[in-house]
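Remarks on the structure that follows.
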Amino acid sequence: MGNAAEARRSVLEDRPAGERGARTVELTKVYGSGDTAVRALDGVTVEFPAERFTAIMGQSGAGKSTLMHCAAGLDTATSGRVFVGGTELGGLSDRALTRLRRERIGLVFQAFNLVPTMTAADNITLPLTLAGRRPDPEWHDLVVRVLGLGNRLRHRAARLSGGQAQRVALARALVTRPDIVFADEPTGDLDSRTGAEVLTFLRRAVDDLGQTVAMATHDPVAAARADTVVFLADGRVADVVRHPTAAEVLDHMRDLGGRS
Amino acid sequence: MIRLALGTVWARRGGLAGLLAAVFLGVMFISGTLVLGDTFEAGAESGLARELGTALEVFGLVAVVPTAFTVHNAFAVTAARRVRESALLRAVGASRAQVGALAAVEALVAGVGGTLAGLAGGVGCAAMLERVLDLTARGVAVTGGTLVLAALAGVSAALAAALPTVLRGADGEGGVSEARVLVGAAGGAVAVGAVVWGGLAATPAMAAAGAIMLLGAMALLGPVALRSAAALAGAVAVRLRRTPGVLACDGASRSPRRTAGAATALMAGIGMATLLTVYAESLRASLEDGLPGSFRGGLVVDGGTSGFDPRLAAEIAALPQVEAVAEVRTRQGRDSVAFVRPAGAAPDDAASAIAVLARPYGAPTVREHSAYAADVDAFLGVVYALFALALATTLPGTAGALALGVRERAREIGLLRAVGATRAQVRAMVRWEALTVALSGTAGGAALGLFTGWALTGAQERPFTAPPVPLAAVALAGAAACAAAALPAARRASRLTIRDAASG
Ligand SMILES: Nc1ncnc2c1ncn2[C@@H]1O[C@H](COP(=O)(O)OP(=O)(O)OP(=O)(O)O)[C@@H](O)[C@H]1O
Ligand SMILES: [Mg+2]
Numbered sequence: 048m049g050n051a052a053e054a055r056r057s058v059l060e061d062r063p064a065g066e067r068g069a070r071t072v073e074l075t076k077v078y079g080s081g082d083t084a085v086r087a088l089d090g091v092t093v094e095f096p097a098e099r100f101t102a103i104m105g106q107s108g109a110g111k112s113t114l115m116h117c118a119a120g121l122d123t124a125t126s127g128r129v130f131v132g133g134t135e136l137g138g139l140s141d142r143a144l145t146r147l148r149r150e151r152i153g154l155v156f157q158a159f160n161l162v163p164t165m166t167a168a169d170n171i172t173l174p175l176t177l178a179g180r181r182p183d184p185e186w187h188d189l190v191v192r193v194l195g196l197g198n199r200l201r202h203r204a205a206r207l208s209g210g211q212a213q214r215v216a217l218a219r220a221l222v223t224r225p226d227i228v229f230a231d232e233p234t235g236d237l238d239s240r241t242g243a244e245v246l247t248f249l250r251r252a253v254d255d256l257g258q259t260v261a262m263a264t265h266d267p268v269a270a271a272r273a274d275t276v277v278f279l280a281d282g283r284v285a286d287v288v289r290h291p292t293a294a295e296v297l298d299h300m301r302d303l304g305g306r307s
Numbered sequence: 025m026i027r028l029a030l031g032t033v034w035a036r037r038g039g040l041a042g043l044l045a046a047v048f049l050g051v052m053f054i055s056g057t058l059v060l061g062d063t064f065e066a067g068a069e070s071g072l073a074r075e076l077g078t079a080l081e082v083f084g085l086v087a088v089v090p091t092a093f094t095v096h097n098a099f100a101v102t103a104a105r106r107v108r109e110s111a112l113l114r115a116v117g118a119s120r121a122q123v124g125a126l127a128a129v130e131a132l133v134a135g136v137g138g139t140l141a142g143l144a145g146g147v148g149c150a151a152m153l154e155r156v157l158d159l160t161a162r163g164v165a166v167t168g169g170t171l172v173l174a175a176l177a178g179v180s181a182a183l184a185a186a187l188p189t190v191l192r193g194a195d196g197e198g199g200v201s202e203a204r205v206l207v208g209a210a211g212g213a214v215a216v217g218a219v220v221w222g223g224l225a226a227t228p229a230m231a232a233a234g235a236i237m238l239l240g241a242m243a244l245l246g247p248v249a250l251r252s253a254a255a256l257a258g259a260v261a262v263r264l265r266r267t268p269g270v271l272a273c274d275g276a277s278r279s280p281r282r283t284a285g286a287a288t289a290l291m292a293g294i295g296m297a298t299l300l301t302v303y304a305e306s307l308r309a310s311l312e313d314g315l316p317g318s319f320r321g322g323l324v325v326d327g328g329t330s331g332f333d334p335r336l337a338a339e340i341a342a343l344p345q346v347e348a349v350a351e352v353r354t355r356q357g358r359d360s361v362a363f364v365r366p367a368g369a370a371p372d373d374a375a376s377a378i379a380v381l382a383r384p385y386g387a388p389t390v391r392e393h394s395a396y397a398a399d400v401d402a403f404l405g406v407v408y409a410l411f412a413l414a415l416a417t418t419l420p421g422t423a424g425a426l427a428l429g430v431r432e433r434a435r436e437i438g439l440l441r442a443v444g445a446t447r448a449q450v451r452a453m454v455r456w457e458a459l460t461v462a463l464s465g466t467a468g469g470a471a472l473g474l475f476t477g478w479a480l481t482g483a484q485e486r487p488f489t490a491p492p493v494p495l496a497a498v499a500l501a502g503a504a505a506c507a508a509a510a511l512p513a514a515r516r517a518s519r520l521t522i523r524d525a526a527s528g
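Protein chains in written order, with my numbering: chain A, 48 to 307; chain B, 25 to 528.
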């Protein structure tokens, strides 16, 4: 495992001092080729500043998930560049990307976030387990406390409610103290009240824990909880709104809908 | 409706192939063994051949149980997807009966198709063996009873496997129900009793019935045993600080039924192979090892399972044409075989004199030792061919169950990859799972085979022998089967893309 330890150190040392968050430069992703080619992302340049909550808004098929996956190193871009905490993802080997995901990126999906046969506690520490490390106990306890999960840790993931499962997923994303958390429609499967609760926890991850969050959504109310909203349409950045209100977001969406 | 059902069957042909293969292999083994048994019995000129025929028939009957549960497992591994599909059909208005009919059509197609192919394969294999080993002058004896029994076993195994999973929506994941453990434990206790009784009281039928019940009980208890095996392997993994091992064994011990499918398939094959070796080597030992070399060129008086009165041996010994007699005594105080060394150079003289003496004692056969030895060799050839077949049929069952387990967990594996499992870790996880399967399947199968082998040899009054070399070969074959099964499954698992998880 000496090799692995070496690779791990190199990933961490790549990070320029102090630089966190993530950004993309002219990111393009084309699925398929020839007649059936789909240009899911077309020259997308966005900034996910450290310790901020950024929302990606757009209609179905706009390219939100594709942006999340390329930025998180789950999928490779066709062209353009992605930086996470100052490290460029392009050219990293599968192993290096895997280590980077495990140590510097947090992920929350819309559903199927947890290994059903494991307990909530084991799911939370999964990335660390895979790295063969133990959690920093203070940080772990803080995350669990802030997300209100103290009395759920021993439950099997399959038995958690939708909202609880998303909070456990968020805790897993935060436990490594990542450079950024990517959340793809984390409230998409929840009712509005539970969804609002999860949004509150995402907010607290930024405000109380000093973390960085990027969230894809097509719900204007959810987007309004962010510090900045980036609007995507047909794979391009159509607009950027700072300190949004739900009404503003809705207006922008209407404009976009009218245009396309 | 029929068109729809057949269309569904066609659409699912991938999953169906596993079911079909399980039925085919099982029916082939059963029918082949029964046909060979009948062949020995039909051509029986001696008590020995009759006894060997009976042993083969017992093997064929015992094989019904492993067939039933490999077919069950082949069906159960895809249960989760089936249940989801049935739920969807029900939601759009299909009645319970229609969903059931759909499953029944699918099971019938696999059951009938697999059975027909299996019968052809079994009779074909038996005929080939008969030719190669030159068992009788008349060729194989194929009886209607054999065909009906093997066909019934194949079709009903498929139907029994299919119906409950779909109708009740049984889940592939999850724990083990208490009822299952209770029924399994009670059945197991009764079965062990029957086997021990059969072995001690020399009643092969009782031992066979007990063996069949015992296999059924093991199938029920398999997941429980697997949970212990997984816990053990997990403890080793923790010791070695192998994260993938810990994850794999955790998963296996928390949803043991998933992995139990592969382990029971392996256990069935290893158990059958062990039983066959034990029986073959015990037979060889009883017939050859105790016999002084000086009897080899002589005559054999063979009373078969029922034996003959020892007074006959005394009378034979008193004949002027006879130099010496060696008896093999049964527990009832009768002789099963007497080896005779004729005096001088006129064995034919001795043979006719003995035949005259033997008539009032139930006319045991009198043959030259070489003819007798040829019977034994032919039988051992058959047993080792079956042994190879049992191991060969184990491989696809085990491999299929492991591979399907990986496919069913594609999403979970994708998720692990997303949160930072390397390809190597995913591969290692599947390998650890295979290791657990290999350990529990081989150990369970060997224990089962040794125990039933002890009973069957006891029932036929032969000394119990556990031959180390063939048994080591069996264990190695089990390990090799798992390794061969695990490597492709692990490779496939590590190639699963992360989007398999992300895009739900
Ligand atoms: N694997 C794929 N192969 C081909 N095309 C794809 C693939 N994944 C996405 N696309 C296409 O890329 C475009 C963007 O898809 P994407 O999933 O990023 O949209 P989205 O904004 O997340 O939509 P939604 O709100 O429905 O989740 C769509 O036109 C989609 O059909
Ligand atoms: Mg999406």
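Each residue gets a CB set at the ideal place from its N, CA and C atoms; glycine is no exception. Every value quoted in this text rests on a predicted model; they were computed, and no experiment measured them.
Following the continuous alpha helix (DSSP H) through residue i, name the residue where it begins and the one where it ends.
{"i": "B:E392", "result": "Element bounds for B:E392: not the alpha helix (DSSP H) but the beta strand (DSSP E), T389 to E392."}
{"i": "B:S376", "result": "P371 to A382"}
{"i": "A:G127", "result": "Counting along the chain, A:G127 falls outside any alpha helix (DSSP H), though it belongs to the beta strand (DSSP E) covering S126 to V131."}
{"i": "A:D169", "result": "A167 to I171"}
With H, G and I counted as helix, E and B as strand and the rest as coil, what does DSSP make of residue i?
{"i": "B:A194", "result": "For B:A194, the predicted structure reports a pLDDT of 40, less than 50, and the residue's modelled location is therefore unreliable. A value from the coordinates is still provided. Coil at B:A194, not helix or strand."}
{"i": "B:P334", "result": "helix"}
{"i": "B:E485", "result": "coil"}
{"i": "A:E94", "result": "strand"}
{"i": "A:T264", "result": "strand"}
{"i": "B:T446", "result": "coil"}
{"i": "A:D188", "result": "helix"}
{"i": "A:E232", "result": "coil"}
{"i": "A:V287", "result": "strand"}
{"i": "A:T134", "result": "strand"}
Count the other CB atoms within 10 Å of the CB of residue i; is the residue buried (16 or more) or exposed (fewer)?
{"i": "A:D254", "result": "exposed"}
{"i": "B:G368", "result": "exposed"}
{"i": "B:L290", "result": "buried"}
{"i": "B:M237", "result": "buried"}
{"i": "A:M300", "result": "buried"}
{"i": "A:N198", "result": "exposed"}
{"i": "A:P163", "result": "buried"}
{"i": "B:A409", "result": "buried"}
{"i": "B:G196", "result": "At B:G196, the pLDDT of 38 sits below 50, so the modelled position is not reliable; the number obtained from the coordinates is stated separately. Looking at its Cβ environment, which holds 16 or more other Cβ atoms inside 10 Å, B:G196 is buried."}
{"i": "B:A12", "result": "Nothing can be reported for residue 12 of chain B, as the shown portion of chain B is limited to 25 through 528."}
{"i": "A:R201", "result": "exposed"}
{"i": "B:D359", "result": "buried"}
Does the distance between the C-beta of residue i and the nearest non-hydrogen atom of ligand 2 fall short of 7 Å?
{"i": "A:D266", "result": "no"}
{"i": "A:D231", "result": "yes"}
{"i": "A:A263", "result": "yes"}
Could you tell me the boundaries of the beta strand (DSSP E) in which residue i lies?
{"i": "B:E351", "result": "V346 to R353"}
{"i": "A:R70", "result": "A69 to Y78"}
{"i": "A:F100", "result": "F100 to M104"}
{"i": "A:G153", "result": "I152 to V155"}
Under 7 Å from any heavy atom of ligand 1, does the C-beta of residue i make it?
{"i": "A:S80", "result": "no"}
{"i": "A:G110", "result": "yes"}
{"i": "A:S107", "result": "yes"}
{"i": "A:A102", "result": "no"}
{"i": "B:T301", "result": "no"}
{"i": "A:V85", "result": "yes"}
{"i": "A:T123", "result": "no"}
{"i": "A:T234", "result": "no"}
Legend entry - the stretch 385–399 of chain B touching the stretch 411–430 of chain B, judged by at least three CB pairs closer than 8 Å: Below 8 Å, too few C-beta pairs join the stretch 385–399 of chain B and the stretch 411–430 of chain B to call them touching: fewer than three.
Inset, instruction - Determine contact between the stretch 428–445 of chain B and the stretch 495–511 of chain B, defined as no fewer than three beta-carbon pairs at a distance below 8 Å. - result: A contact between stretches requires three or more CB pairs, one per stretch, nearer than 8 Å, and the stretch 428–445 of chain B fails this requirement with the stretch 495–511 of chain B.
Inset, instruction - Check whether the stretch 201–217 of chain B touches the stretch 149–158 of chain B, counting contact only when three or more Cβ pairs, one atom from each stretch, lie closer than 8 Å. - result: The stretch 149–158 of chain B and the stretch 201–217 of chain B do not touch, with fewer than three beta-carbon pairs separated by less than 8 Å.
Legend entry - Meets three-Cβ-pair contact criterion under 8 Å: the stretch 221–233 of chain B and the stretch 473–483 of chain B: In this structure the stretch 221–233 of chain B touches the stretch 473–483 of chain B; the number of beta carbon pairs closer than 8 Å is three or more.
Inset, instruction - Report yes or no: do the stretch 78–85 of chain A and the stretch 261–280 of chain A share at least 3 C-beta pairs separated by less than 8 Å? - result: Judged by Cβ distances under 8 Å, the stretch 78–85 of chain A makes no contact with the stretch 261–280 of chain A, as fewer than three pairs qualify.
Inset, instruction - Could you say if the stretch 45–52 of chain B and the stretch 134–149 of chain B meet the contact criterion of at least three C-beta pairs nearer than 8 Å? - result: Yes, the stretch 45–52 of chain B is in contact with the stretch 134–149 of chain B.
Inset, instruction - Taking 8 Å as the threshold, find out whether the stretch 461–473 of chain B comes into contact with the stretch 371–388 of chain B through three or more Cβ pairs. - result: Judged by Cβ distances under 8 Å, the stretch 461–473 of chain B makes no contact with the stretch 371–388 of chain B, as fewer than three pairs qualify.
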